[in-house]
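The next block holds one structure in the form of structure tokens; read it before the comments.
Numbering (this note's numbering), first residue to last: 52 to 233.
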């Protein structure tokens, strides 16, 4: 999400900028969807940015009103996507970490949206030079799901940026779902 918000098209493409400005002016919501094969290929031409690592690709599209979501995005799977837990890569101290409260039992899509919120809020809370360094690393970060007791300690960490959910879907309003640590 941060890469999309800081994309150079914000400066030189009025339509790109206007889409983001409309989104910023409302309650920000994100919907995570899953695509592969031909469905993934079809959405690559839609305005947005892609980030990838060794095992996965993620694409953030320009925001729109729900009624204006492009047809190829509407067709993508929105629920029922769960992945098996794997052994996470070791944490590199040069990258921020976003921690998810595992006691909330959020679906993969909900957790992904919350991580997107956290990445945006983290960037907004850091000095511009820090964000530029993060951009040079292509906005690399780690995501970890942790027990509630550990999560509550992390919220109190220096520089912690918690995300409080609006309560529209899976959790109660004002629940802290994830916390970003720079």
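Glycine is no exception: its CB is placed at the ideal position from the N, C-alpha and C atoms.
In this text the structure is predicted, and so the values were computed from the model without any measurement.
Should residue i and residue j be called a contact, given that it needs their Cβ atoms to be closer than 9 angstroms?
| i | j | result |
| --- | --- | --- |
| residue 97 | residue 71 | no |
| residue 154 | residue 209 | no |
| residue 101 | residue 162 | no |
| residue 187 | residue 212 | no |
| residue 193 | residue 151 | no |
| residue 139 | residue 87 | no |
| residue 111 | residue 160 | no |
Quick one: is residue i near chain C, going by C-beta distance under 9 angstroms?
| i | result |
| --- | --- |
| residue 92 | The question asks about chain C, but that chain is absent: this structure has only one protein chain. |
Relative to the C-alpha of residue i, which residue among the options is closest?
| i | options | result |
| --- | --- | --- |
| residue 215 | 193, 233, 169 | 169 |
| residue 189 | 146, 195, 167 | 146 |
| residue 125 | 219, 191, 141, 84 | 84 |
| residue 109 | 91, 128, 69 | 91 |
| residue 185 | 144, 205, 107 | 144 |
| residue 158 | 178, 69, 82 | 82 |
| residue 57 | 120, 182, 127 | 182 |
| residue 122 | 94, 149, 64, 74 | 94 |
| residue 206 | 226, 221, 75, 218 | 226 |
Specify, as a first and last residue, the run of the alpha helix (DSSP H) that residue i falls within.
| i | result |
| --- | --- |
| residue 90 | 88-94 |
| residue 59 | No alpha helix (DSSP H) holds residue 59; DSSP gives it neither H nor E. |
| residue 82 | It is not in any alpha helix (DSSP H) - residue 82 carries neither H nor E in the DSSP assignment. |
| residue 187 | 179-187 |
What residue does the beta strand (DSSP E) around residue i start on, and which one ends it?
| i | result |
| --- | --- |
| residue 231 | 227-232 |
| residue 103 | 99-103 |
When you measure from the CB of residue i to every non-hydrogen atom of the ligand SAH, does any distance come out below 8 angstroms?
| i | result |
| --- | --- |
| residue 194 | This structure does not include the ligand SAH; it has no bound ligands of any sort. |
If you scan the segment 191-218 from start to end, which runs of the beta strand (DSSP E) of 3 or more residues do you find wholly inside it? 193-197, 212-215
Entirely enclosed beta strand (DSSP E) segments - the segment 107-164, minimum 3 residues: 108-112, 148-152
Is the segment 163-178 touching the segment 52-61, taking contact as three or more C-beta pairs under 8 angstroms? yes
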